[in-house]
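Residues in the sequence shown are numbered from 18 upward in steps of one, following the numbering used here.
Using N, Cα and C, we set each Cβ at its ideal position, and we do this for glycine too.
Please read these numbers as outputs of a predicted model, since none were measured by experiment.
Everything on this sheet refers to the single structure shown next.
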Amino acid sequence: MNMQELNELDFSNIGDWPAIVKALLVLILCAGVGVAWYFLDIEDQYLALSRVENVEKDLRVDFEAKQAKAANLDAYRAQLAEMQESFGAMLRQLPNRTEVADLLVDV
18 MNMQELNELD FSNIGDWPAI VKALLVLILC AGVGVAWYFL DIEDQYLALS
68 RVENVEKDLR VDFEAKQAKA ANLDAYRAQL AEMQESFGAM LRQLPNRTEV
118 ADLLVDV
């Protein structure tokens, strides 16, 4: 097929075109549909997926931090009880109201 035959192709009668030209036209149309499908449908979904994946990463970090705290909750409670006990012991070592006056006189 030469250029003159390609120029003489009649778009109103595509059925008479040679098989290779029809196959090439179908291939070009399929590629065009694929590109249009990507830009009109898939690209937006891909961007939405990227945003959701970023949110998932943030939530996963938060979850792992909270899970680590929850796993050590018994140890934290034991530490809190120990701190309260030592705080109570320190408070008992402080002078009470009546002893403060005597302490100030001594100073």
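Out of the options, which one is the CA nearest neighbour of residue i?
{"i": "M20", "options": "S29, V38 and D33", "result": "V38"}
So for residue i, helix, strand or coil by DSSP?
{"i": "E81", "result": "helix"}
{"i": "N89", "result": "coil"}
{"i": "S103", "result": "helix"}
{"i": "F28", "result": "coil"}
{"i": "W54", "result": "helix"}
{"i": "L42", "result": "helix"}
{"i": "N113", "result": "coil"}
{"i": "N71", "result": "helix"}
Quick one: Cα of residue i to Cα of residue j, how far?
{"i": "L108", "j": "N89", "result": "28 Å"}
{"i": "L111", "j": "Q101", "result": "16 Å"}
{"i": "E73", "j": "E99", "result": "38 Å"}
{"i": "L195", "j": "A87", "result": "The displayed coordinates of the chain run from 18 to 124. Any statement about residue 195 would go beyond what the structure contains."}
{"i": "E116", "j": "S103", "result": "22 Å"}
{"i": "D58", "j": "V78", "result": "31 Å"}
{"i": "F28", "j": "L42", "result": "11 Å"}
{"i": "L64", "j": "Y55", "result": "12 Å"}
{"i": "Y93", "j": "A82", "result": "15 Å"}
Assuming contact is defined by CB atoms lying nearer than 8 Å, are residue i and residue j in contact in what I supplied?
{"i": "L26", "j": "W34", "result": "yes"}
Would you verify that the beta carbon of residue i is, or is not, closer than 8 Å to some beta carbon of chain C?
{"i": "P35", "result": "Of the protein chains in this structure there is only one, and it is not chain C."}
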